[in-house]
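Residue numbers for the sequence shown, in mature numbering (1 follows the signal peptide of the UniProt record, and there is no 0): -22 to -1, 1 to 134.
Idealized CB from N, CA, C, for every residue including glycine.
Owing to the predicted nature of the structure, the values given are computational and were not obtained by experimental measurement.
Note sheet for the following structure.
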Amino acid sequence: MKPGLKWLAAGAMLALPLSAQALLADCTVAGSGVAFGSYASPGSTTATGTGTVTVTCTGLGLLVSYTIQLSAGNGTFATRLLKSGVTNALNYNMYTDTARTIVWGDGSAGTSTVSDSYLLSIGSNARNYTAYGLIPASQSKPAGTYTDTLTITITY
């Protein structure tokens, strides 16, 4: 009789709606910076770089699903801006693919998000996702340190 009760308990947990299962997991997100290196102005070639978004979830052996979004930063999703001071800016963007054709954003304005779903083992599981950056060629800007800050949002 006890094996039957175990089966019912396991079946009940699997039958919970996804939103209820998500309450049993705790997920955090962290990102590393993208270093493009030196960009020769007027920029005869593009500059590329990569960064990592890490999602760590902890739970009790359940299905976990999440979506990762990036903010527009200093610009828009069409053209993000790396700024040096108030007036100098380099156009750039962040992508979900190595070909740098799918803009990583919040799902609006033609952008995409990154989603994942998997069975979470008991304990903690970290997954890494690569963010691909690109500065287009032929931008004539003065020398300086150009930066932007993007906010990473995870919905689970």
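query = Looking only at C-alpha atoms, which of Thr36, Ser62, Val12, Thr108 sits nearest to Val92?
reply = Thr108
ask   = When you compare only the Cα positions, how much space is there between Ala25 and Gly9?
value = 20 Å
Whole-Å CB distance - Gln47 paired with Thr127, under 8 Å assumed = Not confirmed; about 15 Å, so no contact.
message = Considering only DSSP beta bridges, list what Asp94 is partnered with.
response = Tyr44
message = I'd like to check one pair, Leu60 with Thr129: are the Cβ atoms closer than 8 Å?
response = no
ask   = The beta strand (DSSP E) with Lys61 in it runs from where to where?
value = 58 to 62
query = Roughly how many angstroms lie between the CA atoms of Ile80 and Thr74, to the nearest whole one?
reply = 6 Å
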